[in-house]
Structure formats: structure tokens, C-alpha cells
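Going by the numbering used here, the first residue of the sequence shown is number 6, and it counts up by one from there. Take a look at the structure set out below.
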Amino acid sequence: DVVVVGGGPAGSTLAALTAMQGHRVLVLEKEFFPRHQIGESLLPATVHGVCRLTGVADELAAAGFPRKRGGTFKWGANPEPWTFSFSVSPRMTGPTSYAYQVERAKFDEILLNNARRVGAEVREGCAAVDVVEDGERVRGVRYTDADGREHRASATFVVDASGNGSRLYRRVGGTREYSEFFRSLALYGYFEGGKRLPEPNSGNILSVAFESGWFWYIPLSPDLTSVGAVVRREMAGKIRGDSGKALAALIAECPLISEYLADARRVTEGPYGKLRVRKDYSYHHTTFSRPGMILVGDAACFVDPVFSSGVHLATYSSL
Ligand SMILES: Cc1cc2nc3c(=O)[nH]c(=O)nc-3n(C[C@H](O)[C@H](O)[C@H](O)COP(=O)(O)OP(=O)(O)OC[C@H]3O[C@@H](n4cnc5c(N)ncnc54)[C@H](O)[C@@H]3O)c2cc1C
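As C-alpha cells, this is what we get:
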């Protein structure tokens, strides 16, 4: 009934919900999970709301991800860091006033396996190449498997949940419009031994504005921290060339992040050993559907990461 392209949070959520309704669902995911992705700081409405609907909330709770009670910001006129807690909202006080900081490789795999568990068929290593059309209507996709063999999958609906990097979204028509204001770039890596905020906020995201942009500082475990510099486009020169030197120079520009990383070591091996750059984000597509096809998650739109909204918008759009 439904072919879902992409097994990230948007695709696995839609696949789970649709399979739970008794429909036949096929997920095509081009990578083999676990795979790296950015977007590690979550919101309560995702982990207690959407993930409760898909039946995966308890498994997430048992996975040992650090609890995020809110955000701590050094931003604006106030020279001291200030903290907001999710619990200040009357709608969120009580047992659901926290989210998680997640290693996306683990989080996305839990969600994708949950989609399998509730009845979706998931084929990893399978990349959608194009949609199959019948006049106005989309009727399926062409895809290649891990051996490069081409296949066709027919369905009443094709869901493009392939994130920001694929080109499938173009087949829905319309255009992708980029925000001029939020056309920033991010350079990020991982550190061991970084300092933690004082309790009870040690699991908070720390966001720090500085001359060239802002930093995220996300505790992924007692020892591992995700650190990213988001710089405005006119500062793009600061992240060209040697990424290691560029990140070190940006950290040196920002006293609070320098202090938090004073005794830390950058991870240089394994899945967290690479420095990565993401650019040209913040966009929306002018149309989200055509007969037989819809866009969800980053395939449809993405807003600047400053409020950690990406995974929530991805999963919520799948409802
Ligand atoms: C710098 C930066 C920082 C961010 N920080 C945060 C944050 O702190 N919190 C937050 O919530 N969000 C954050 N985000 C946003 C977050 O990364 C995304 O919004 C989220 O991952 C979107 O989920 P998705 O399922 O739509 O796409 P994805 O997570 O990208 O998943 C798409 C999947 O589709 C697969 N795929 C791609 N092409 C094909 C194909 N042709 N065939 C089959 N499969 C395919 C990919 O392999 C991938 O697994 C950040 C984003 C950026 C750029």
C-alpha cells in the first residue's frame, strides 16, 4: 500500500503508524543501520508524544540516553548563561518534562526496528532512484539494492522521507525555497572529557552565541559531547581549509566553550572521529504532495537547528 523512502525518524514513524493501521508498508533505506546523522538534541513532545503513539517510548526510556531537562543559553545581552526548563510549561510539568540527548545511530535504529516490529518490511541498502508515474499519479518507485540490481516497488502511495540530501522531492513539483536569513553552515565534531553543566542541568543542551555565530554543546553520555559551530554565511571562510584547525580556532573565539573543553580530547577515530560540515539548510518546499506522493520530514522542510526542532518536525509531519 505504501512505499516509504528513507528510514530516518520521519520514515520510521510514518511506517510504524501506517503498519499499525493494518496497511502493507515497505521502507527502502539506502544505508545499513546504524548510520551517522546529526540532530541529537530532542524535544519532550517527540519522546513522550509521537514515540508513545508508535509504541517505542518505553524502549527509548530503557536505552540509557541522557535526560535533557531544558536548554542553557549564553545568548543576547545577559552576560551570564540562563536556563529554561521544559517544566515551566504548564502543559509539560510532571513526568514528561524532559527529552533525551541521543546518539542518532542508536536512536534511529531503535525507531526503525520498531517499525519492523509493528509490521513494516524494511529493506536496508536499497536506494530509491526515481518514482514510477502513471499520468498524473505516482504509482511506485524504482530502486537499486546493495548489489546494484534495479527493482520496482508499486504502491498506492509513495512517501519521500529521504531527508535533506536526496533529489526525490523534486518529483512532487514545486520548488525548494531557502531562507536567506538562516543560510548558515555548521562544522561539528565529538569530544571526550568535556565539562558538564552543574546538576540538575547536566543533560541540558548548552547553546552559546559568539562573534561568528553560535555553538551547540550536547552531552551524549557522561564522557562524550557533540560540539558544533554554526556560522553565518558571510563567515563561511572560517570553516574552509583544514577542518581541525578551523574548529579549534572557532572554539578559541568562544570563551565559555573553550572553558568547557579545556580538559577534553577530540575523538579522531571510529564513527565520531570525523569532522563534518552541513550547509544550505533552512528551506521549505512550496508543495508537499501530488497524487500518490507526499513529502515528510527534511524532504519537505527544515528550520534552523537552534531550537532542536528537526526530529520533532520530522516525526510530527509523519502523523
Ligand atoms: C547542523 C544541524 C544540527 C541539527 N541539530 C538538531 C538537533 O539538535 N535536534 C533536532 O531535533 N534536529 C536537529 N537537526 C535536524 C535533524 O538532523 C533533521 O531534521 C532530522 O534528521 C530529519 O529526519 P528525517 O527522517 O526527515 O531525515 P534523515 O534523518 O536525514 O533520514 C533520511 C533517511 O533517508 C535515507 N535516504 C536518503 N536518500 C535515500 C534514497 N534515495 N533511498 C533510500 N533512502 C534514502 C538516508 O540514508 C536517511 O537514513 C539538525 C540539523 C542540522 C543540519
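Glycine is no exception: its CB is placed at the ideal position from the N, C-alpha and C atoms. Since the model is a prediction, treat every value here as computed from it, not as a measurement.
Given that a residue counts as buried once 16 or more other Cβ atoms are within 10 Å of its Cβ, and exposed if not, what is residue i?
i	result
E204	exposed
V134	exposed
R157	exposed
S231	buried
From residue i to residue j, what distance separates their C-alpha atoms?
i	j	result
W87	P49	20 Å
A251	G16	34 Å
G75	V61	22 Å
R128	S314	28 Å
C131	F78	41 Å
S46	T101	16 Å
R142	I43	34 Å
Y321	V55	7 Å
I115	W80	34 Å
W219	A234	6 Å
G168	P14	10 Å
R188	Y148	32 Å
G11	A166	5 Å
L255	K243	8 Å
V52	V316	10 Å
V213	L202	13 Å
D228	G199	7 Å
S184	L173	21 Å
S248	L190	13 Å
Could you give the C-beta distance for residue i and residue j, rounded to a whole number, given that I count them as a contact under 8 Å?
i	j	result
V107	T292	In fact, because the Cβ distance is near 31 Å, the residues do not count as touching under 8 Å.
G297	F162	6 Å
P39	L225	The pair is not a contact, with the Cβ atoms about 14 Å apart (cut-off 8 Å).
V137	I299	The pair is not a contact, with the Cβ atoms about 16 Å apart (cut-off 8 Å).
R196	R271	It should be pointed out that residue 196 corresponds to Phe in this sequence rather than to Arg. Yes, F196 and R271 are in contact; Cβ-Cβ is about 5 Å, under 8 Å.
Mind checking whether the beta-carbon of residue i lies closer than 7 Å to any heavy atom of ligand 3?
i	result
R283	Of the ligands one can find in the structure shown, namely ligand 1, none is ligand 3.
- Task: Entirely within the segment 76-115 and at least 3 residues each: give me those beta strand (DSSP E) ranges in chain order.
- Result: Unbroken beta strand (DSSP E) stretches of 3 residues or longer found wholly inside the segment 76-115: 87-90, given in chain order.
- Ranges of the beta strand (DSSP E) found wholly within the segment 238-323, counting only runs of at least 3: Here the runs fully enclosed are 281-284, 288-290 and 298-300.
- Message: My parser needs the beta strand (DSSP E) runs of 3 or more residues fully inside the segment 189-244; what are they?
- Response: Runs found: 190-197, 210-215, 218-224 and 229-236.
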